[in-house]
Amino acid sequence: MSKQILLEGRKLSKTFGRFVALQETDFAIHAGEVHGLCGSNGAGKSTLIKILTGAHRPTGGEVHVNGTLAPAGSPLAMLELGVACIYQHSNLIPALTVLDNVFLGRPPKTKLGFIDATEQRRKAEALLEKYNIDLDLDAQVSTLATVKQKEVEILKALALDAQVILMDEPTAWLSHSEVRKLHDTIARLRALGVGLVYISHVLDEVFQVCDAVTVMRDGAVVWNGSIDEITRPELVDRMVGNDLGEASRSVAAEPRHPKGTGEILLSARDLGMTNTFEDISFDLYKGEILCLTGLIGSKRTELLHSIFGSAKFSAGTLDVLGRSVRYSSPSEAIAAGIGFVPEDRLRDGLLLDHSVSDNLIFAALDKVSRWGFWNNRAVRELTERQIRDLNVKPADGSKIVKRLSGGNQQKVLLGKWLEIEPKILFLDEPTVGVDVGAKAEIYAILRKLRAQGTAILLVSSDMEEVMAIADRIAVMVSGRMTMTCAADDITQEELVLQISGGNK
Amino acid sequence: MSNKKERAEQEGRRDFLKGVVLGSAALGSGLVTPGLVIGESGKAMAAQDERVKMAFVQIQPHTVSSAWSVGLEEVLSTQQTIDYQQLDGQNKVEVQVSLMDTLINEGAKVIFLQPIDSVALGPSIKKARRRGIAVITLNIDASEEHAAHVEMNHYYGAMDIAKEMGKRMGGKGKVAILNAPPGIIIRDQRTNGFVDGMKKYYPDIQIAADQVADWSRKKAQDVLSNILTAQPDITGVYGVNDSMALGGVDVCKQKGILDKMVIFGNDGETAALESIERGELTGTQFTDVYQQGRFAAAAASVFVSGGVTAKEFKQQGKLLMPYVIATSETVGSIQPAQRW
Amino acid sequence: MVRLRQLPNIELLAFFLLLYAFFCFYAPHFNTASNLENLLVGYSFIAVLAIGQSFPIMVRGIDLSIGSIMALGGMVLFDLSVIYEVPGYVVIPAVLLVCLLAGLLNGALVVWLRLQPFVATLSTLAAYRGVVYAISGRQLFPEMATRPITDPWLTGMDSYLDIGGVTGLDQYMEMPWLPLSFFLLVGIFIIIQTMHSKTQFGMNFKIVGGNPEAARLAGINVKLTILSAYGLSGLSAGIAAIILVTRLTTATEALGNGMELTAIASAVIGGISLQGGIGNAFGPIIGAMLLGIILLGLTLLGISQFVQQIISGLILIGAIGYDKLLSDFRMRKARAMQSGS
Amino acid sequence: MLSLISYLRTAIPTYAMPVALLIVIGLFGALAPVFLTPANFTAIIYQMSITGIMAVCMTFVIMTGGIDLSVGPVLATSGLVVFFLLHIAHFPLFPAVVLGILTGAVTGAISGLVIALFSLPAMIVTLGMLSIVRGSALLAGGPDLHLVREQPGFEFIGNGFLFGIPFAIWIFVAVSLLLIFIQKRTTFGLQVAAVGDNERAAYLSGRRVKLVKMMTYVICGMGAALAGIIQSSQVHTAAATYGEFGTELDVIAAVVLGGASLLGGKGSVARTILGVLFLAVLNNGFNILNVPIDYQLIIKGGIIVIALSLTEWANSKVA
């Protein structure tokens, strides 16, 4: 190793209760190196990042910066040592301006200890110029579009003069050209001797910008080395492991139903929502899985909400089961037989402080009650049946959902919607943060539903997932549906190209 | 004493004219400042065809203040030029002060004031006096000199209650006080009067409990019930207002010990008088509150029509309302028209 | 023009001015110098309380105990000055210190004992009031109760500046006499506003309230920030106590009863979101003054005291609803503009 | 063995408050043996019934993350309404009481509607309602005390005895059981908790979140109205000034002492009763021991802080 090691984690481990998120992991970043970190969701990447930035205190192991031991679990100490991070979730303060957010917690100060606004602005403008970013420094962050907010976060890390920058899926919200701009920036930083960690699900990007790669699976490093030493299929294999490889192969082995049984259950024509999406037209057939894919921020979620009644579309027509409809609340959509497993299960899906049983029955209260009074036996039977069918662990209906693992939480959420016996089921990123085994189980359930004639509209950013279970695929780019085709008619590489809007 | 003579005179006099006559008489007879000279002022003449603003700043809407207001309005409404307004102090000193400021700004001629605190309203009264506004305090005096003060005396009234109660208890035994929370001056005056009175007249009587019941009948029921659980040998109860005393009566009635108890209230509202007549409540300090309002209004009329400006007061007038310790013996002498 | 639109509370200010203009037209004596004087002298200290209250609310908390802290400060002032005859220049810092400590205790309960702010300060609301009763000079020395405060340092707090007289403008128009408390309020406003916009310490409140996790990751001491929020709330209750008590020349045991709801209402009307993270020093002042002109205006209109209560309740709900409506609208418009560009 | 320890750990937050209550009862009992008599316990329950009814009915509101500051004036208004119906309009007792409770339901519905429909902060809306309802009550009834005369049926509500136990206690028990039943045995109970836990998830699961929220305010208003009728009956008077400032804070304190979180989600009717009991025991004990008001307040504040921080501490150990 000729290059200096900037940041090093030695035998890092982290457990949450009984759940092992990270086990004895070694990790090192050198100066002037872009280090890719790959692995499927729940592989422990985020945990590792959080330990390296001091956001989590490791259960075991040490973090060294420039060869000296860094204090554990102190974000401030890590920032001062020059380790900055762009997290997946926003870490901006909505009520403050862009300028204040960029220098959050560490603005330049005058001799009197006041914030030096002139200096702050000068520095920020210099950064904007240097990295060719377009932002209104005086705008309040809450008024910015999400894409712009991500730029503020990048600017925030750049403003730190950081030696090491960790980026947790920085391109998820960015358009194709913006991604290229970011990659230019990364190249410039690398030339200046900065060490970067780059997490991305888009393997093309990893091969484009990274010098070295670490692959993680199930909380452990399974491979690491120079990018030149590994091919793309090998990388995928190591990420996925044999389990999912098999699971997805078995799913893929299932016959596809490119047109379902021919009956159209849901039909959208020219749907639009001001400043969000426009001209969305598609049909959803009985007994098919239509995968709606695209980058995060391509407004797929908003589309689902507008159909489901939890948001309103402003243009176009919607037919469900042959009737023209426009739901004003989810309860109407549910009454019509539509179920919706939302993206953020913690924020939108689960009653976290309630039991598994409460969550399972919550969308189908009529089924387990009469005149608003519980039928306790029906509640118990329903709970037991779902726990058994979904293989929820532990098999205890009174368990508080908050304390379940991600995969089991997702199964509970899915089970809740199965109880309304949906004719149409929407799923938004149903396997994010779900471990490999649970993922396969969820796929099995979806397949069963399809066999029963349910029409499934599944939003996913995970290419492997899309390729594995879709009958048909639709792509959205920046609020427009750019492509619909049968899954057999497209390769994964073509799909990636479509998603990033590279076709245009 | 003179109290009784005046009582007899007052009975049945309800109409405005008599009120004014009595008020003037009271003023003239020296109950009010002798130095108060009724001067001739051109200003007053000019003021006659203008509307005259008068307002009553009370502590908060309440039975007593509402009865005063009835008395006030009765007199004032006969003079077409007077605009009268009743204002809510929201039980907050600072709100009262703000209302005083507003009235001064409006150019009110007379402010009737029931101050929450004697000292705290002082600066406002001073300001009013500088602007030539007559301030007449009701029931609670202010430490700052002002036009007139019409009161039933709390301190001596409470002393008299102690005397009467002690007599009925035979000079010995234990007494409980159902008190108000601190922060309002009449609470201190009544409590101190009662305690001092007991010490003075019946030192053998022990004040065994002093608990706060927030002026409330319901709270008083709960509090006294608990006190009696702990000290069943208590035979005297003093409620700092009638509501609390009646709460005490409720409890004793329920426990079936009413005949052993001597319970006194304060103020003399209708419910209390009725209770005395039924032989439940032992007694209360009664003042004709309507009359008190009429007196205040009469004094105000004199100030306005006489053209006396507040700046000319040399010394504050004080009009002591006669009061009766109403008990089963004396309650009959209180006319229905006087009851509020 | 752009900057003006970005000014916080512009809608509220418009509402305030509209109501002010309404009363000027319809309420006799409203549009006078002395009425303005009454407004300033009567509501400056409430504005100070509201600014203080804005800190706990900004960090997602609430401080119900400020009324009791005010009474505590007032009683300490009364005791020291009237009973122990301590000079005023010692009394004032002592009062401020006591109130600061009372506020910090609230903060400690929230930060270290992890109590819900509502309950923690509800408990201290009772406890501090109890302390007030216990140390009440009026209960301990009844003969002292009627003595006003005479210390020149303290009575000097209740003085006025006749700006008309000083500048000679009063020959041309009637000018209000400005109370010292108003200048104090202006001073506090300038200090707090500078703190919010120019110092890290001031910005921390918004950061912690807006996103506690981000604050932690940015290396901000979240606990210290919350603690100081309650400390500042207590301190401003102390300042308000000094203003009020020197004006009344005495302290009563019931001082500040129910004041917490007035202050919270002022702050929330002033755009301090109960969800935390949003606020400035200007809004609470306008909120307090709005409550002030409602009371003054309705009184001058000669509206019955009972109807006044109904109307002021309606205006309270109206003001908060109007503010929400317009800020929602502004947010949507800003988003539309952003994504349009 | 290990599981026993972990069970005990999870049990601590559940039992912290009852244990604190037992300690307080034990202390009072040691200082004044008369405190421990059955008659005194009956008295405690009788005295807590009014606040108790309001508190159990407020529990749902707080569980949804709301708050209702307007219970004081609502209590006064319902008493006044029943008084007018009985005395002026000469209604029979039953419809008068029903209409009185309906007044509370209407005021609650108005608050709830404004809060749910426009997503305004409950604290400010109900503060405004407090002022509006009080003003309306005073406008209708003035500040005077209205004596209830010769209404044996009405008197019975607050003062009567049924099977040797005060009727007010029966009402309190009935309301508590009804609300516990609603919480445990109906879908509404789950929906209330769900709205407080995760309003968006509840909405996306097809629940009529706004309706649920509004209903909680209606229940709270009805509780306050019922409490007002009982109080009117106990003091033989109706007045617009009843339910003075501080009533709402007592009620909220009781609910929160019972473990409800003002952020919503957590809370149980049964434990709210425990909270009310805690406060009633303190008041009763202080009266019996003749503790001066200043010490009462300081000790009360201190005990609440200690009891709640114990629960929080235990909670943090478990999580």
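Protein chains in written order, with my numbering: chain V, 141 to 644; chain W, 620 to 959; chain P, 5 to 345; chain C, 5 to 323. Heads up, the beta-carbon is just placed ideally off N, CA and C, and yes, glycines get one too.
Q. Between the beta-carbon of L177(V) and the beta-carbon of L152(V), is there less than 8 Å?
A. no
Q) Leaving out five residues before and five after G162(C) in sequence, what residues of the same chain have Cβ atoms less than 6 Å from its Cβ? A) A172, I234, S237 and Q238
Q: List the endpoints of the continuous alpha helix (DSSP H) containing D652(V).
A: Residue numbering for chain V in the displayed model covers 141 to 644; residue 652(V) lies beyond these limits and cannot be assessed.
**Q.** Min CB distance N319(C) to chain V below 8 Å
**A.** no
**Q.** Residue interval of the alpha helix (DSSP H) (run including R211(C))
**A.** No alpha helix (DSSP H) holds R211(C); DSSP gives it neither H nor E.
Q: Measure from the alpha carbon of R211(C) to the alpha carbon of each residue in V242(V), R246(V) and E472(V), then state which is nearest.
A: E472(V)
Q | Contact set between the stretch 414-441 of chain V and chain P, restricted to residues whose Cβ is under 9 Å from the partner | A | T414, N415 and T416
Q. Comparing alpha-carbon positions, which option in V950(W), Q830(W), Q698(W) and F922(W) lies nearest E899(W)?
A. V950(W)
Q. Contact between the stretch 794-813 of chain W and the stretch 13-20 of chain P: three or more CB pairs below 8 Å?
A. no
Q: Confirm, please, whether the CB-CB distance from A455(V) to D410(V) is below 8 Å.
A: yes
**Q.** Through-space distance from I305(V) to H229(V), alpha-carbon basis
**A.** 16 Å
Q) Do the stretch 844-861 of chain W and the stretch 790-800 of chain W touch if we need at least three Cβ pairs shorter than 8 Å? A) yes
Q) Quick one, which residues of the stretch 182-210 of chain C are near chain W if we go by CB-CB under 8 Å, in chain order? A) none
Q) What does F310(P) touch in chain C if you count any residue whose Cβ is under 7 Å from its own? A) G139, L142 and L143
Q.
Here's the rule: buried if 16 or more other CB atoms are within 10 angstroms of the residue's CB, otherwise exposed. What is A224(V)?
A. buried
Q: Please report how far the alpha carbon of R133(P) lies from the alpha carbon of G359(V), in whole angstroms.
A: 55 Å
Q) Excluding five sequence neighbours on each side, which residues of the same chain lie with their C-beta closer than 6 Å to the C-beta of G193(C)? A) I186 and Q187
Q: Determine, using beta carbons only, whether A828(W) comes closer than 8 Å to chain C.
A: yes
Q. Is the shortest distance between the beta-carbon of L294(P) and the beta-carbons of chain C less than 8 Å?
A. no
Q | beta-carbon I294(V) near the ligand FMN non-hydrogen atom, thresh 7 Å | A | Annotation note on the ligand FMN: not contained in the displayed structure, which lists no ligands.
(Q) Rounding to the nearest angstrom, what Cα-Cα distance links A627(V) and Y425(V) in this structure? (A) 14 Å
Q) Can you list, in chain order, the residues of the stretch 30-47 of chain C whose Cβ is nearer than 9 Å to any Cβ on chain W? A) A36, V38, F39, T41, A43, N44 and A47
Q: Counting only runs of 4+ residues fully inside the stretch 803-886 of chain W, write out the alpha helix (DSSP H) ranges in chain order.
A: 804-820, 836-849 and 861-874
Q. In chain V, which residues lie with their C-beta within 7 Å of the C-beta of R212(C)?
A. S471
Q) When the Cα atoms are used, what is the spatial distance from Y246(C) to V60(C)? A) 20 Å
Q | Boundaries (first-last residue) of the beta strand (DSSP E) holding V353(V) | A | A352 to R357
Q: Could you tell me the boundaries of the beta strand (DSSP E) in which P156(C) lies?
A: Per DSSP, P156(C) belongs to no beta strand (DSSP E); it is in the alpha helix (DSSP H), P156 to N163.
**Q.** Within chain V, the residues that R220(P) reaches when beta carbons sit closer than 8 Å
**A.** A195 and P215
Q: From the DSSP output, read off the bridge partner residues of A360(V).
A: R357(V)
Q: Would you mind telling me which residues of chain P sit closer than 8 Å to P336(C), beta carbon to beta carbon, in chain order?
A: Chain C is shown only over 5 to 323; residue 336(C) falls outside these bounds and no answer can be derived.
Q: Taking 8 Å as the cut-off, decide whether the C-beta atoms of G104(C) and A229(C) are in contact.
A: yes
Q: Could you tell me if F310(P) is buried or exposed, where buried requires 16 or more neighbouring beta carbons within 10 angstroms of its beta carbon?
A: buried
Q: Anything in the stretch 471-497 of chain V with a Cβ closer than 7 Å to a Cβ of chain C? List those residues in chain order, please.
A: S471, I474, F480, P482, R487, D488, G489, L490, L491, L492, D493 and H494
(Q) Quick check for students: name the residue ranges of the beta strand (DSSP E) that lie wholly in the stretch 105-172 of chain C, counting only runs of 3 or more. (A) none
Q: Give a yes or no on whether 8 Å exceeds the smallest Cβ distance from P653(W) to chain P.
A: Its pLDDT being 33, under 50, P653(W) is placed unreliably by the model, and the measurement read from it follows with that caveat. Chain P contact via Cβ: absent.
Q) What residues of chain V sit near K270(C), judged by a beta carbon separation below 9 Å? A) D493
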